[in-house]
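Trainee: A single structure is presented below for examination.
6 protein chains.
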Amino acid sequence: MDKSALQKGRDYAAQNLAPNLEEILGERYDGLVPDMSESLIEWAYGRHYCREGLDAKTRQLCTIAALTVLGGHTAPQLKINIEHSLRSGASKKEIAETIWQMAVYGGLPAAINGLNTAKEVFEAQETQ
Amino acid sequence: MDKSALQKGRDYAAQNLAPNLEEILGERYDGLVPDMSESLIEWAYGRHYCREGLDAKTRQLCTIAALTVLGGHTAPQLKINIEHSLRSGASKKEIAETIWQMAVYGGLPAAINGLNTAKEVFEAQETQ
Amino acid sequence: MDKSALQKGRDYAAQNLAPNLEEILGERYDGLVPDMSESLIEWAYGRHYCREGLDAKTRQLCTIAALTVLGGHTAPQLKINIEHSLRSGASKKEIAETIWQMAVYGGLPAAINGLNTAKEVFEAQETQ
Amino acid sequence: MDKSALQKGRDYAAQNLAPNLEEILGERYDGLVPDMSESLIEWAYGRHYCREGLDAKTRQLCTIAALTVLGGHTAPQLKINIEHSLRSGASKKEIAETIWQMAVYGGLPAAINGLNTAKEVFEAQETQ
Amino acid sequence: MDKSALQKGRDYAAQNLAPNLEEILGERYDGLVPDMSESLIEWAYGRHYCREGLDAKTRQLCTIAALTVLGGHTAPQLKINIEHSLRSGASKKEIAETIWQMAVYGGLPAAINGLNTAKEVFEAQETQ
Amino acid sequence: MDKSALQKGRDYAAQNLAPNLEEILGERYDGLVPDMSESLIEWAYGRHYCREGLDAKTRQLCTIAALTVLGGHTAPQLKINIEHSLRSGASKKEIAETIWQMAVYGGLPAAINGLNTAKEVFEAQETQ
C-alpha cells in the first residue's frame, strides 16, 4: 500500500530536517490550532518536498528565491530555509547568488534584505 | 581589460536568448524611456544571468519560483521565463514542480495561476 | 479509526462544492503535476474548510477578504469563492460589504477590483 | 438630519474601541499630517465598521484574514485587530482558525507569522 | 464654517476630474455598496488629493509610482491615474520616467507592465 | 565619449549621497556577492537617479510612495530614502503628505507604518 502523504512528510522531515520537528511545532501551535503540526508536515514535506521531478537542492533554492521576493516579513522562514538549503548541499555562494538575482524580479530592497538575512545566518554558523 | 556589464549582457543575450532582443526592446520602449533596452540588457543579463556561482538552469527555475509567488500580474514575464527555462535545459516536469511547490509559500491561487500559465506555454509549443 | 485528511476533504467537497471537483482538477492538472488534485482536496478542504471552530460562511467571507487584498491576480479564485460563499449561506450584501471593507486594509484599487469581480458573478447568475 | 460619516465614526469608536482613540492618534500624527486622526476615524469607522449588512464580529475576522495574508509588515495592525476582535465577541479559537486558514491563500509563512502574533496577544492578556 | 471633507472632495473632483464622477461611481457601485460613491469621493479627493503641502502634479506622480510597484492588478487604476497626471500638468516623459524608476524598487516585471499600460494610454490619446 | 552608466552612478552618488557609498556597500556585501556594490551603483544611480526628465526631488518622493505601499519590509530602505529626500530639497511636510496619500492605494496599515518610520527619522535628526 502507498504511504500516506502524512507518513511521507514524517519520513522526509526525520531524514532531512529534524527528527522532532512535528513535536516542536505541536508544542508551539497545536494548543491554538489542533493538528497544525501534523497538517504542516503533511502539506509542506509530504506533498511538496518529497516529490520526484526536482532535486532537493533546487527545491530549496527556489524556496529561497520565493521568500526573498515575498519580502522581509518572511525573514524568519528565509532563515530556516537557508539552513535547510545548506543541509541539502547548496553552497553559501549559490544561496547568495539566488538571493541577489531577485533584485531583478522583486526589486533592490527585497534582495538587500535577503542578503542581510543570509549574512546573519552565515555569521551565526561561523561563530558556533 | 574586463568586459563592461553591458557587453557581458549583450553576449549573454545573443548566445542564450535572442540575438536581437535589445533591438526588439529598443523599438518598443526606447522612444518612451531612452536607453531602456540597453539598461535592461546590462542589468538583467550583464549583472545577473551571466554571473558565476549558480548554473543557468537553476537561475531560471529560481526566476520561475519568484514570478509565481509575485502573482499573476507577472504572467507575461512568467511565460517568457518558462521559455527561457526550457532553453536552459530545464524539463517541463522541473518547471511544473517548481511552480507547484510555490503553493506552500505564496498560497494556492498563485500556484494555480502559475500552472495555468505553464500549460498555456507548453500547449502553444506542442501545436507549433 | 479517524478519517484521513484526504477523506475528510473528499467528503467536504462532495457535500458542499461539486461531487466531481477532484476529477475536474485531475483532468486539468495531474498530467503536469501528479496527484495535484488529491493534494489540493486534502489541504484546502480536508485540512482547512472542514475544521471545527469557525462556521463555513465566516470561513468563506474571510477567504473573500484575503483574495481581495491579495489583488486582482486572484480574480479567478475570488470568483469561485464568491460562488462558494453564496452556497454557504452568505448574502450578496455580506459579500459586497466584505470586499468594500478591504479598501481600508488593501487600498481602494484592490477593493474596486474586488467589487467588479463580484458584480460579474452576480450578473452572470441573474442572467442564467 | 443624517449624521456625517465623521460623527458616525466617532460614535462607533467611543462605543466599541476607546473613547479617546482620535485624541491618541491626533497626538501622535496630526502634527505631521494635519487632521490625520479625524480622517482615519471618518474613513475606517464612519465609512466602514459602522456599516450595516455585516455584523461586527465577522467584519473583524475578515480584517484579521486580510492582515494575515498582507504579511508580517502589518503585524502592529494585526495585534490591534485581534484585540478588537475579542472585544467584538470573537473567541480565541475563531481568531486562530481564521489565521490558519490563510495558509491556503497567502502561504504558510504568512499564516505562521499570524499565529505567532496571535499567541503574543493571547499570552499578554493572560499575564495581565 | 469649514467645508466638510465630502464637500471638498466634490469640489476637487468637479474642478480637476469629471463633474459627474460621483454619479458614474454611484450608478456602478451604490446598488451593491450603498454610499460607495460618496465615500470614495470623500476619502480619496476630500481627504487626500485636495490637501495642502504637496502640489497636484507630484501627488499624481507618486500615485503612479505606487500603482506601478503594486503590480499589474492595478492596471485599471494606473490607466485612470496616467490620464489624471496628464491633466495635472505632468508630461508623458515625467510619467514614463516615474514608472521606469520603479524597476529599482518593485522589480523589472512591475516596471515593464507599467510602461505597457502607459504606452496604451498614450497611443489611445494620439488616435483620438 | 559618453560616460558609462557605472561612471555616471559613481558621480551621482559622490555629489548627492555619500562619497564612499560604494565602498560601504562593498565592505558589507562584495565578499558574499562579488561586484554587488558596483552593480547597485550602476543600476540605481547610473541608470535611474541620474536620468533626465524628472527632477531629483520628485524622483525621491516617488520612491517614498513606492516604498510605503510595498509595506514595512522596506522600512530600512524607506528610512534611507527619507534622508535622501530631505537632501534633495523635499520638506518634511512633502514627505509626510506623500506617505499619507498612500493610504488610498496601499491601505491604512502601510501608510501608518510609513508615518511611523518618518517620525523616527525626523526625531533622530532633531536630537542630533
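From first to last, the protein sequence lines stand for chains A, B, C, D, E and F. The numbering of the first sequence is the working numbering, which starts it at 1 and goes up by one. The numbering of the second sequence is the working numbering, which starts it at 1001 and goes up by one. The numbering of the third sequence is the working numbering, which starts it at 2001 and goes up by one. The numbering of the fourth sequence is the working numbering, which starts it at 3001 and goes up by one. The numbering of the fifth sequence is the working numbering, which starts it at 4001 and goes up by one. The numbering of the sixth sequence is the working numbering, which starts it at 5001 and goes up by one. By construction, the Cβ of each residue, glycine as well, lies at the ideal position given by its N, Cα and C atoms.
Please confirm whether residue 2042 of chain C has its beta-carbon closer than 8 Å to some beta-carbon of chain D.
Mentor: Residue 2042 of chain C does not count as touching chain D.
Trainee: Just curious, the alpha helix (DSSP H) that residue 5018 of chain F is in, first and last residue?
Mentor: Careful: residue 5018 of chain F lies outside any alpha helix (DSSP H) and carries neither H nor E.
Trainee: Please specify which runs of the alpha helix (DSSP H), each continuous and at least 4 residues long, are wholly inside the segment 2055-2099 of chain C, giving them in chain order.
Mentor: Fully enclosed alpha helix (DSSP H) runs of 4 or longer: 2056-2069, 2075-2087.
Trainee: Taking C-beta pairs closer than 7 Å, name the residues in chain A that residue 2090 of chain C reaches, listed in chain order.
Mentor: The contacting residues do not exist; residue 2090 of chain C stays about 24 Å from chain A at best.
Trainee: In the DSSP assignment, the alpha helix (DSSP H) including residue 1125 of chain B goes from what residue to what residue?
Mentor: Residue 1125 of chain B -> alpha helix (DSSP H) spans 1108-1126.
Trainee: What in chain E is Cβ-close to residue 105 of chain A, meaning under 8 Å?
Mentor: Here the neighbours are 4107, 4108, 4109.
Trainee: Can you check whether the CB of residue 1080 of chain B is closer than 8 Å to the CB of residue 1118 of chain B?
Mentor: Not a contact, by the Cβ cut-off of 8 Å.
Trainee: What residue from B:1099, B:1020, B:1087 has the CA that sits closest to residue 1070 of chain B's CA?
Mentor: The shortest C-alpha separation from residue 1070 of chain B is found at B:1099.
Trainee: Express the C-alpha separation of residue 3054 of chain D and residue 3043 of chain D in angstroms, rounding to a whole number.
Mentor: So the alpha carbons of these two residues sit roughly 17 Å apart.
Trainee: Do you know how far the Cα of residue 4007 of chain E is from the Cα of residue 4015 of chain E?
Mentor: Using only the alpha carbons, I get a separation of about 12 Å.
Trainee: For chain B, is any of its Cβ atoms less than 8 Å away from the one on residue 4057 of chain E?
Mentor: Not one chain B Cβ lies under 8 Å of residue 4057 of chain E.
Trainee: Going by other Cβ atoms of all chains shown within 10 Å of its Cβ, with 16 needed for buried, is residue 3095 of chain D buried or exposed?
Mentor: Result: buried.
Trainee: So residue 3101 of chain D and residue 2050 of chain C are supposed to be a Cβ contact under 8 Å. How far apart are they, rounded?
Mentor: Contact doesn't hold; Cβ gap of about 11 Å is too wide.
Trainee: Just confirm the distance between the C-beta atoms of residue 4067 of chain E and residue 4060 of chain E, as a whole number of angstroms; I'd bet it's less than 8 Å.
Mentor: Actually they do not touch by this definition, with Cβ atoms about 11 Å apart.
Trainee: Compile a chain-ordered list of the residues in the segment 2015-2030 of chain C whose CB is closer than 7 Å to at least one CB of chain A.
Mentor: So the list is empty, because no residue satisfies the distance condition.
Trainee: Just to confirm my understanding: we take residue 4089 of chain E, look at its own chain, exclude 5 residues before and 5 after, and list those with CB closer than 7 Å. What are they?
Mentor: Once the five neighbours on either side are set aside, the close Cβ partners of residue 4089 of chain E are 4057.
Trainee: Where does residue 2008 of chain C fall in DSSP's three states?
Mentor: Three-state result, residue 2008 of chain C: helix.
Trainee: Residue 5033 of chain F by DSSP, collapsed to three states: which one?
Mentor: Here residue 5033 of chain F sits in coil by DSSP.
Trainee: Of all Cβ atoms in chain E, is any one closer than 8 Å to the Cβ of residue 5123 of chain F?
Mentor: By this cut-off, residue 5123 of chain F is not an interface position.
Trainee: Is the beta carbon of residue 2064 of chain C sitting closer than 8 Å to the one on residue 2085 of chain C?
Mentor: Yes, the pair counts as a contact, with Cβ atoms nearer than the cut-off.
Trainee: Please go through the same chain and pick out, in chain order, the residues whose beta-carbon is closer than 7 Å to the beta-carbon of residue 40 of chain A, but skip the five residues on each side of it.
Mentor: Taken in chain order, the residues that qualify are 25.
Trainee: Please list, in chain order, the residues of the segment 1057-1071 of chain B that have any C-beta partner in chain A closer than 9 Å.
Mentor: Flagged, chain order: 1057, 1058, 1059, 1061, 1062, 1063, 1064, 1065, 1066, 1067, 1068, 1069, 1070.
Trainee: Closer than 6 Å by C-beta to residue 5047 of chain F: which residues in its own chain qualify, once you throw out the five before and the five after it? Chain order, please.
Mentor: Closer than 6 Å at Cβ, skipping near neighbours: 5005.
Trainee: Which residues in the same chain have their Cβ closer than 7 Å to the Cβ of residue 129 of chain A, if we skip the five residues on either side of it in sequence?
Mentor: Residue 129 of chain A falls outside the range modelled here, since chain A spans only 1 to 128, and no answer is possible.
Trainee: Which of the three DSSP states, helix, strand or coil, is assigned to residue 3051 of chain D?
Mentor: Coil at residue 3051 of chain D, not helix or strand.
Trainee: From A:31, A:12, A:19, A:93, pick the residue whose C-alpha is nearest to that of residue 3122 of chain D; which is it?
Mentor: The shortest C-alpha separation from residue 3122 of chain D is found at A:31.
Trainee: Would you mind stating whether residue 5114 of chain F and residue 2107 of chain C have Cβ atoms separated by less than 8 Å?
Mentor: No, they are not a contact pair.
Trainee: For residue 5033 of chain F, which of A:11, A:128, A:3, A:91 has the nearest alpha-carbon?
Mentor: Comparing Cα-Cα distances from residue 5033 of chain F to each of A:11, A:128, A:3, A:91, the minimum goes to A:91.
Trainee: Throw me the rounded Cβ distance for the residue 10 of chain A and residue 22 of chain A pair, which I believe falls under 8 Å.
Mentor: With a Cβ gap of about 7 Å, residue 10 of chain A and residue 22 of chain A count as contacting.
Trainee: Considering only C-alpha positions, which residue in the set A:75, A:35, A:109 is nearest to residue 2002 of chain C?
Mentor: Nearest C-alpha to residue 2002 of chain C: A:35.
Trainee: Once the 5 residues before and after residue 1018 of chain B are set aside, which same chain residues still bring their CB inside 8 Å of it?
Mentor: Closer than 8 Å at the Cβ level, and outside the excluded window around residue 1018 of chain B, lie 1024.
Trainee: Going by beta-carbon coordinates alone, are residue 4109 of chain E and residue 1127 of chain B separated by less than 8 Å?
Mentor: No, they are not a contact pair.
Trainee: Which residues in chain A sit within 7 Å of residue 3115 of chain D, going by Cβ to Cβ distance?
Mentor: Simply 29, 32, 33.
Trainee: Just to make sure I have the definition right: I need the residues of chain D whose C-beta is within less than 7 Å of the C-beta of residue 36 of chain A. Which are they?
Mentor: Per Cβ cutoff of 7 Å: 3100.
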